[in-house]
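Note sheet for the following structure.
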Amino acid sequence: TMDHNGLPSVVEEDGGVGDHDELFKWNSGSNYWALQRGLGFPAASGTGNGTADYMSVGVSPANTVYAAYSDGNDASKATVMSYNGTSWSVVGTPGISGGTAKYTNMGFDKAGDPICMFSDYSGSPNKYGITAKVFKSGTWSPIGTNSNTLSGGNCYYVNMTITPSDTIYAAFQTSNYHM
728 TMDHNGLPSV VEEDGGVGDH DELFKWNSGS NYWALQRGLG FPAASGTGNG TADYMSVGVS
788 PANTVYAAYS DGNDASKATV MSYNGTSWSV VGTPGISGGT AKYTNMGFDK AGDPICMFSD
848 YSGSPNKYGI TAKVFKSGTW SPIGTNSNTL SGGNCYYVNM TITPSDTIYA AFQTSNYHM
C-alpha cells in the first residue's frame, strides 16, 4: 500500500522467522526496503508472538499504517493492529471475527474509520462467509449482513474497495463458483 507521501509499505509473513510478520517501508533516500518492525506482531492477546496469516495492509487518511491478519494467538480470528512509527498496538480488541478468518482486507471510510473485510468461518451453518466490520467509538461493528446466508457456499480470495461516498464493493470466489 502507498502512504500519503507516495512511499510503499508491505507486510509479509516470513517462514524463516516462524511465520511471523515483518513490516517494510521503502526508504527513497537510500533506495532500499527498511524493516520497520519485524519478528511478529506483539501478541494482541498477551500470550506471545504467534503466526500471522492472510495479512493485508492499509494506510489511513492520517497516514497511519494498519494491518489485518488471521491471528495465531487467537484461534486464527481476525485481528487489526496499527503502527505509530515505532510500535504496534491492537485496534479495539483482538479476534474480531466469529471464527477462523482468511483473506483479510483493510480500508477506510471517508471519516478515516478503519474497515476490515474477511472470510469468516462462523454462523449457521458454519462456512466461510464474507464479514465486514468498521471501528467506530472504540468498538468493531458489523457492516451489512454476513454473506454466509447469501452466497450458498464458502467465500475465498476476498477483495474490497471503498468509494469516496463510502460504498463498499467486494469481489470473491465462492465454492460453487457463482458470484
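Just so you know, we're using this note's numbering here: the sequence shown kicks off at 728 and counts up by one.
Yeah, the Cβ is synthetic: ideal placement off N, Cα and C, and Gly gets one too.
In this text, all values refer to a predicted model and were calculated from it rather than measured experimentally.
Less than 9 Å separates the beta-carbon of I895 from that of M844. Burial state of K860 is buried, judged by a 10 Å Cβ sphere holding 16 or more other Cβ atoms. When DSSP states are grouped into helix, strand and coil, S757 belongs to the coil group. Within 10 angstroms of the beta-carbon of G826 lie 16 or more other beta-carbons, which makes it buried.
The alpha-carbon separation between I823 and V807 amounts to approximately 8 Å.
Sequence-distant partners of V738 (beyond 5 residues in either direction) whose C-beta falls short of 6 Å from its own C-beta, in its chain, are D748, L750, M782, V784, A794. Here DSSP, grouped into helix, strand and coil, assigns L762 to strand. In the three-state reduction of the DSSP assignment, N886 falls in the strand class.
T858 places its beta carbon 9 Å or farther from that of P841.
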